[in-house]
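In this text, residue positions in the sequence shown follow our numbering: the first is 2, and each later residue adds one.
Beta carbons are placed, not taken as given, at the ideal position from N, Cα and C, and that holds for glycine.
As the structure is a prediction and not an experimental result, all values here were calculated from the model.
Down below is the structure, laid out as structure tokens.
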Amino acid sequence: MKITAQEEYGLRCLLQLAQADPESGLPVKEIASREGLSPAYVEKLLRLMGKAGLIHSIRGVHGGYRLTRKPTEISLGDVVRALSSLPSTEEICDRHTGNLEHCVHMSDCSIRSAWTTLTEAVGRFMEQVFIADLIGPERTVAKRLHARIETPFQV
Numbered sequence: 002m003k004i005t006a007q008e009e010y011g012l013r014c015l016l017q018l019a020q021a022d023p024e025s026g027l028p029v030k031e032i033a034s035r036e037g038l039s040p041a042y043v044e045k046l047l048r049l050m051g052k053a054g055l056i057h058s059i060r061g062v063h064g065g066y067r068l069t070r071k072p073t074e075i076s077l078g079d080v081v082r083a084l085s086s087l088p089s090t091e092e093i094c095d096r097h098t099g100n101l102e103h104c105v106h107m108s109d110c111s112i113r114s115a116w117t118t119l120t121e122a123v124g125r126f127m128e129q130v131f132i133a134d135l136i137g138p139e140r141t142v143a144k145r146l147h148a149r150i151e152t153p154f155q156v
């Protein structure tokens with residue numbers, strides 16, 4: 002699975018908001034500085050997440066952005082859907098047609114079942130991981146995720 006820059010940086014920006022004081026907003030410039038990104042790019046990412054209802058802006062001198070829900074209520078799936086989407090099986094098949102316009106295996110493809118199962122498993126995993134689960138040192142987060150997800154490839 003390929004993670005896009007937009008997904009990675011958007012998630013990092015959202016984690017900044019999750020760790021900030023929930024009553025006050027975090028300014029774009031501060032998020033950009035902490036993540037080593039341009040304010041314009043951070044603004045773009047925040048706009049996408051705002052359209053998805055994950056964050057909202059606070060106007061004024063001490064304004065900025067904050068989460069609309071608790072970090073325990075925003076899944077990794079919510080964030081990925083706000084910033085892009087997982088490829089569907091049809092998209093995968095459309096990208097790998099060989100020299101023809103359509104895949105020669107469209108009517109009966111044994112590989113499609115593997116991609117569909119994988120996509121569904123990744124989707125379920127993303128719905129079980131919340132922003133709150135990703136806060137902390139890497140080692141702590143890894144233990145938390147392993148404890149929560151008993152069998153990562155459970156179908």
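(request) Determine the contact status of residue 130 and residue 77, defining contact as a CB-CB distance below 8 Å. (result) yes
(request) Taking residue 8 and residue 84 to be in contact with their CB atoms under 8 Å, please state how far apart those CB atoms are, rounded to whole angstroms. (result) 5 Å
(request) State yes or no: is the C-beta of residue 1 within less than 8 Å of the C-beta of residue 66? (result) A query on residue 1 cannot be resolved here, the shown segment of the chain reaching from 2 to 156 and no further.
(request) To the nearest angstrom, report how far apart residue 47 and residue 14 are at their CA atoms. (result) 8 Å
(message) Mapping the DSSP letters down to three states, classify residue 145 as helix, strand or coil.
(response) helix
(request) Would you please state the rounded distance, in angstroms, between the beta carbons of residue 133 and residue 21? I believe it to be under 8 Å. (result) Wrong, their Cβ atoms sit about 13 Å apart, outside the cutoff.
(message) What residue range does the beta strand (DSSP E) around residue 32 cover?
(response) Per DSSP, residue 32 belongs to no beta strand (DSSP E); it is in the alpha helix (DSSP H), 29 to 36.
(message) Which of the three DSSP states is assigned to residue 58 in this structure?
(response) strand
(request) With a cut-off of 8 Å on the beta carbons, I'd call residue 44 and residue 29 a contact; round off their distance for me. (result) 5 Å
(message) Within a Cβ cutoff of 8 Å, which residues of the same chain sit near residue 36, ignoring the five residues on either side of it in sequence?
(response) 10, 13, 14, 17 and 43
(request) Would you list the residues sitting across from residue 70 in a DSSP beta bridge? (result) For residue 70, which the question treats as bridged, DSSP gives no partner whatsoever.
(request) Measure the alpha-carbon distance for residue 140 versus residue 109 and round it to whole angstroms. (result) 44 Å
(message) The alpha helix (DSSP H) that contains residue 134, what's its start and end?
(response) Note, residue 134: premise wrong, no alpha helix (DSSP H); not H, not E.
(request) Please name the residue, chosen from 58, 40, 146 and 50, that lies closest to residue 128 on a Cα-to-Cα basis. (result) 146
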